[in-house]
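Beneath this line is the structure, given in structure tokens, with notes to follow.
Residue numbers (this note's numbering): 122 to 206.
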């Protein structure tokens, strides 16, 4: 049996363990992972909370100006949405 922990997926769609803020120790959620809620460190989490979605890609406005903030490239957001941006 593997001792590795499964990846937590943040609101933006990136694995929390790979998020630059998590890696740098600047994530206010620490090991809990990113959830949609008011979050002064992450406009993406705040946006998802305000729109009532669990992940950006579940929002009817995805991709949007907020997703351009990263950490996932905007081009990739366009790709997974099936849109040309």
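Quick reminder that beta carbons are idealized off the backbone N, C-alpha and C, glycines included.
The structure presented is a predicted model; accordingly, all values stated were derived computationally and were not measured.
Assignment of residue 174 by DSSP, reduced to helix, strand and coil, places it in the coil class.
The beta-carbon separation of residue 148 and residue 192, rounded to 11 Å, does not stay under the 8 Å limit for a contact. Residue 189 and residue 127 have their alpha carbons spaced roughly 27 Å apart. A straight-line Cα-Cα distance of about 12 Å links residue 198 and residue 176.
For residue 158, same chain residues with a beta-carbon under 7 Å away, outside a window of 5 residues either side, are 166 and 170 in chain order. Rounded to the nearest angstrom, the Cβ distance from residue 132 to residue 156 is 7 Å, consistent with a contact under 8 Å.
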